[in-house]
Structures are given as structure tokens and as C-alpha cells.
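Q: Below is one structure. I have some questions about it.
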Amino acid sequence: MSQERTIYLIDCQSFYASCEKAARPELKHKPVAVGDPDRPSGIILAACPIAKSFGVTTAERAKTALAKCPELVIVRPRMQRYIEISLMITRIFESYTDLVEPYSIDEQFLDITGVLHKYESAEALAKKIQHEVLLSTGVWCRTGIGPTKILAKMATDNFAKKHPDGIFRLGYDNLETDLWPLPVNQMFMVASKMTAHFWIMGCQTIGDIARMTLPDFKRRLRQRMGRQSDIQAEYYWQTARGLDPSPVVPSIRNELQSVSHGKTLRASLYTKREDIEIVLSELVTEVCRRARKIGKQGRVVAVGLGESDGTGAARFGRQVTLPHATSLTHEVGAASLRLFRANWQGMPVSHIYVSLTQLSDDDVTQLTLFDDRARAYDLERAVDSIKDRFGSAAILKASSHLEAGVARERAGQIGGHFK
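Going by UniProt numbering, the first residue of the sequence shown is number 1, and it counts up by one from there.
Have a look at this one:
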């Protein structure tokens with residue numbers, strides 16, 4: 001019989017806010033939230049436990065948070081710093097086990113089955129890791145322990161986060177006493193819509209689902225959602241019982257299928273073709289730079305657009321296959337421009353994206369009779385090296401300095417937030 005696995009889901013408490021409080025000791029005993037202090041209508045990205053005690057919540061408006069807690073200190077986010085600390089924490093985990101799977105920037109799965117014999121218990125190892133992360137980064141971690149990833153996750157979310165020591169084990173021996181009495185909306189991946197379905201079915205707790213036979217649960221969910229719900233029924237039934245055969249995978253990256261970049265726009269500012277084309281050009285530049293950075297080129301260029309004038313709306317996604325694979329900005333740009341001009345209906349634009357697919361390695365360059373493509377690649381790679389060294393805004397097209405350009409602003413951001 002195979003050994004039962006021991007898996008952690010380690011969550012960093014109020015991660016962004018914890019990083020900021022660790023960097024600024026004067027904020028240790030103050031309510032702190034991460035957001036844009038200059039935008040009252042902006043949202044709160046994270047709040048420390050002190051701020052949460054005043055009722056401050058993630059995703060609410062900054063002005064609402066300040067109304068609840070006038071002493072709240074709102075700190076501008078530094079996404080690059082958070083990524084660096086997250087990677088530092090990953091390296092700490094990897095010093096204990098090579099089976100570490102990032103789940104998000106502040107949550108990671110660890111399979112410690114093979115190293116558990118070196119320690120007194122799973123809880124003892126969790127405390128050791130917890131202490132090392134706190135000393136190294138100033139971030140407090142909570143650990144859910146279970147024989148499957150799904151149980152480790154629910155142990156963290158429902159129990160470890162509420163325990164003073166931040167550690168809780170959820171196994172098949174305490175599943176019925178600890179997990180099953182919880183409201184069904186506290187089961188992993190059950191949101192408000194699914195909760196409503198379960199309530200109507202008479203399933204108000206996780207145990208109400210777990211105690212049914214699978215055929216009976218499938219039948220009852222099918223009555224609510226139709227025959228297509230059988231796969232969902234099996235997933236939720238297994239989740240309620242803590243069944244999850246999926247392994248902790250150190251690397252979950254598959255072969256890259258596309259390189260893309262998009263931008264959400266304030267539609268009221270992008271009503272003219274020339275302004276929209278400036279953003280399109282900037283997206284093409286970034287897509288081609290990303291492709292060259294990973295040694296790829298593509299044959300299929302796609303452009304997508306969302307537009308609305310307040311009364312009507314339209315969307316399109318169109319693509320074109322090029323004669324040869326490329327990651328040259330002028331070639332991808334020309335194809336993107338043709339797609340945009342042929343499909344834009346003339347309404348203000350709220351979203352736009354560019355993608356490059358059907359990728360291949362760029363170690364071979366297709367030569368053409370009239371263009372020196374090899375020289376063009378050399379020039380673009382020289383520009384790439386300057387940007388890599390001095391930042392994305394080191395070299396910009398003249399059009400990016402116009403009011404419609406977004407490249408300068410994006411150069412100081414990661415994922416739409418300040419670096």
C-alpha cells in the first residue's frame with residue numbers, strides 16, 4: 001500500500017501589505033492598505049490585519065476604506081518587489097523539498113512526503129518553515145496540511161487562517177467533524193451562484209454533499225442544471241470528501257502557444273483612428289519584443305477589439321496568416337493595422353489586444369528578395385538589449401509621447417500596477 005501523502009498549502013498573510021510593513025518598521029502598529037493614495041476611487045489591493053479589524057476589505061474603494069478607518073495608511077503598490085519576495089519564499093520552500101508548486105503570488109503547494117521522516121511531525125516542519133520565512137522576509141505564513149491538495153487548501157482557508165499559530169491539519173480522520181459542518185459556500189470553488197443551487201437542493205453544509213452517494217448527487221444536480229452537470233457533480237462530490245489525486249508539480253509550464261499583449265482603455269479617450277492606432281502600435285512592439293526574448297517567431301497575427309458608443313457595442317477577433325514566421329515589429333505591425341482598419345466599426349474603443357501564434361524557434365530567419373530581414377533582426381535585438389538594461393521607456397516611438405500613448409505609463413507598471 002502506497003504511503004499517504006502529506007501536502008502543505010502555505011499562504012502569506014495579507015501579502016502585499018505585509019511586504020510593505022516589513023520594509024517600513026514605522027508602520028508596524030498602524031493600519032496599512034496597499035492601493036493608490038492619489039486615487040480615492042481606486043481599489044484596495046491588500047489590507048493588513050489591523051486595517052481589517054476596522055472593516056477594511058480587499059477590492060473596496062479607497063475612500064470607503066478611509067471612511068471606515070481614518071487613520072489608514074495607503075501605500076502605493078510595488079509589484080516588482082512583491083514578485084521578488086514571492087520568489088525568495090519559493091527558494092526557502094525548495095530548500096526543504098523539490099516538490100513546490102506556486103498556486104498564486106502568495107500561495108504555494110509543497111509535497112513533503114519524502115522528507116517528513118527528518119522532522120518530528122508535519123506541524124513541526126511547518127513551524128520551522130514559518131519561522132524562516134518570517135525572519136527572511138517579515139511575512140507571516142499560514143499552513144494547511146492534508147493528504148491531498150484540495151484538503152490542504154481548505155485547511156488553510158477555513159482553519160489555519162483563524163488559528164493563532166497559523167497551522168491546521170485536515171485529514172480523513174477529522175473530515176467529518178471539522179470540514180463537513182461548514183456552510184457549503186466555504187467549500188473550495190463554490191461561489192454564490194453554485195451556493196444557491198446547493199441550497200435549493202437542500203445541501204446547506206459540505207457534509208450534506210459528502211454524505212450522498214455520487215449517483216444520487218449527480219441525479220439531483222442534473223435536475224437543477226441539466227445533463228451537462230455530471231462532470232461538475234463529480235468534482236464537487238470529490239471535493240467534499242477531500243478526494244484529489246493531482247500531484248504537486250514543480251513546473252506546470254507547457255510549451256508556449258502564443259505571445260500576446262492587451263490594454264483596457266477609457267473609451268471616451270479613444271474615439272479617433274489615429275489615437276487607437278498609436279496603442280495598437282505599442283502593443284505590437286511589446287509582443288514582438290517578448291517573442292524575441294524567448295527566441296520565438298509566429299506566422300499568425302491576431303487583433304481583438306471591444307468598442308461601444310453607449311447605445312451599441314461590438315467586438316471582433318480576427319487573424320491573418322503571414323507568408324513566413326516573424327517577430328519583426330514592422331511586419332507584425334503592418335498585418336495588425338490591416339486587421340484593425342478592416343474590422344473596426346468606428347465606435348470608441350474600450351479594449352484592444354494583439355497576439356502572435358503558430359510559434360516556432362527564431363534561430364532560422366527566412367530571407368526575402370527585397371528586404372534585409374537579418375539586418376532588421378539585428379537592429380531590433382540591439383534595441384531590446386538597451387531596453388533590458390535601462391527599462392522599457394529607454395527607447396520609445398515618437399508617437400508614444402503623444403497624449404494617446406500608453407507605453408510610458410506601462411513601462412513603470414507590472415500587470416497594470418506600479419512596479
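Backbone N, C-alpha and C fix where the C-beta goes; we use that ideal spot for every residue, glycine too.
Just to confirm the assignment: which complete beta strand (DSSP E) runs, minimum length 3, are found wholly within the segment 344-397?
A: Within the segment 344-397, the complete beta strand (DSSP E) runs of at least 3 residues are 349-361.
Q: Check this for me: beta carbons of Asp11 and Arg142, under 7 Å apart or not?
A: Yes, the pair counts as a contact, with Cβ atoms nearer than the cut-off.
Q: Excluding the five sequence neighbours on either side, which residues of its own chain have a C-beta within less than 6 Å of the C-beta of Ala314, listed in chain order?
A: Here the set comprises Glu307, Gln345.
Q: For Val300, I'd like the list of residues in its chain whose CB is within less than 6 Å of its CB, leaving aside the five on either flank, ordered along the chain.
A: Result list for Val300: Gln319, Thr321, Thr357, Gln358, in chain order.
Q: For the 8 Å Cβ check, are there 3 or more pairs between the segment 64-80 and the segment 96-103?
A: At 8 Å Cβ cutoff, the stretches do not touch.
Q: Please classify Ala342 as buried or exposed, where buried requires at least 16 other C-beta atoms within 10 Å of its C-beta.
A: Result: exposed.
Q: Return the residue from the list Ala267, Ala62, Thr58, Thr205 that minimises the CA-CA distance to Trp180.
A: Taking only the C-alpha atoms, the option nearest Trp180 is Thr205.
Q: With DSSP as the reference, label Tyr270 as helix, strand or coil.
A: It is coil, neither helix nor strand.
Q: Give me the residue from Leu396, Arg292, Ile395 with the minimum Cα distance to Val364.
A: It is Arg292.
Q: Compute the Euclidean distance between the alpha carbons of Glu282 and Ile92, then round it to the nearest angstrom.
A: Approximately 38 Å, taken between the alpha carbons.
Q: Can you round the beta-carbon distance between Ala17 and Gly35 to whole angstroms, since I take them to be within the 8 Å contact cut?
A: 10 Å between Cβ atoms; not a contact.
Q: Quick check on this structure: which residue in Pro37, Ala59, Ile50, Thr311 has the alpha carbon closest to the alpha carbon of Ile43?
A: Taking only the C-alpha atoms, the option nearest Ile43 is Ala59.
Q: Short of 8 Å in beta carbon distance, which residues of its chain neighbour Ser14, apart from the five on each side in sequence? Order them along the chain.
A: Excluding residues within five positions, the ones whose Cβ falls inside 8 Å are Ala46, Ala47, Cys48, Pro49, Lys52.
Q: Starting from residue 420, trace the beta strand (DSSP E) in both directions and tell me its first and last residue.
A: Lying outside 1 to 419, the shown extent of the chain, residue 420 is not represented and no answer is given.
Q: Helix, strand or coil: how does DSSP classify Ile43 here?
A: Of the three classes helix, strand and coil, the one that applies to Ile43 here is strand, per DSSP.
Q: Go ahead and pull the three-state DSSP assignment for Lys30.
A: Coil at Lys30, not helix or strand.
Q: Excluding the 5 residues flanking Met1 on each side, which residues of the same chain have their C-beta closer than 8 Å to its C-beta?
A: Confidence in Met1 is poor, its pLDDT being 40 and thus under 50, which makes the residue's placement too unreliable to answer from.
Q: On the criterion of 16 or more Cβ atoms from any shown chain inside 10 Å, does residue 421 qualify as buried, or is it exposed?
A: Residue 421 cannot be examined here, being either before or after the span of the chain that is shown, 1 to 419.
Q: How far does the beta strand (DSSP E) with Gly262 in it reach, from first residue to last?
A: Note, Gly262: beta strand (DSSP E), 258-264.
Q: Could you check the C-alpha separation between residue 443 and Ile112 for me, to the nearest Å?
A: The requested residue 443 is not part of the displayed model; the chain covers only 1 to 419.
Q: Would you give the residue range spanned by the alpha helix (DSSP H) that Phe316 belongs to?
A: Looking at the DSSP string, Phe316 is not in any alpha helix (DSSP H); the run it does join, the beta strand (DSSP E), is 313-326.
Q: Within the same chain, show all residues whose beta-carbon is closer than 8 Å to that of Asp384, passing over the 5 residues directly before and after it, in chain order.
A: Answer for Asp384: Arg289, Arg292, Lys293, listed in chain order.
Q: Between the C-alpha atoms of Gly138 and Glu84, what's the straight-line distance to the nearest angstrom?
A: Going by the C-alpha atoms only, they are around 14 Å apart.
Q: Taking the beta carbon of Ser41 as the centre, do at least 16 other beta carbons fall within 10 Å, making it buried, or is it exposed?
A: Label assigned to Ser41: exposed.
Q: Please classify Asp106 as buried or exposed, where buried requires at least 16 other C-beta atoms within 10 Å of its C-beta.
A: The residue is buried, with at least 16 neighbouring Cβ atoms inside 10 Å.
Q: On the DSSP bridge list, what partners appear for Val300?
A: BP columns for Val300 point to Thr321, Thr357.
Q: Put Phe109 into one of helix, strand or coil per three-state DSSP.
A: DSSP places Phe109 in strand when its eight states are reduced to three.
Q: Under a Cβ-count criterion, where at least 16 other Cβ atoms within 10 Å of its own Cβ denotes burial, should Leu135 be classed as buried or exposed?
A: The residue in question, Leu135, is exposed, as its Cβ has fewer than 16 Cβ neighbours within 10 Å.
Q: Can you check the segment 168-194 for any beta strand (DSSP E) of at least 3 residues that lies completely inside it and give the ranges in chain order?
A: Here no run is fully enclosed.
Q: Please list the terminal residues of the continuous beta strand (DSSP E) segment that includes Arg142.
A: Arg142 -> beta strand (DSSP E) spans 141-146.
Q: Looking only at C-alpha atoms, which of Ser400, Thr177, Leu175 sits nearest to Arg284?
A: One point to set straight first is that residue 284 is Val, not Arg, in the sequence displayed. With distances taken between Cα atoms, Val284 lies closest to Ser400.
Q: Excluding the 5 residues preceding and the 5 following Val73 in the sequence, name in chain order all residues of the same chain whose CB lies nearer than 8 Å to its CB.
A: If we look at Val73 and ignore the five residues flanking it on each side, its Cβ neighbours are Leu27, Lys30, Pro31, Val32, Ala33.
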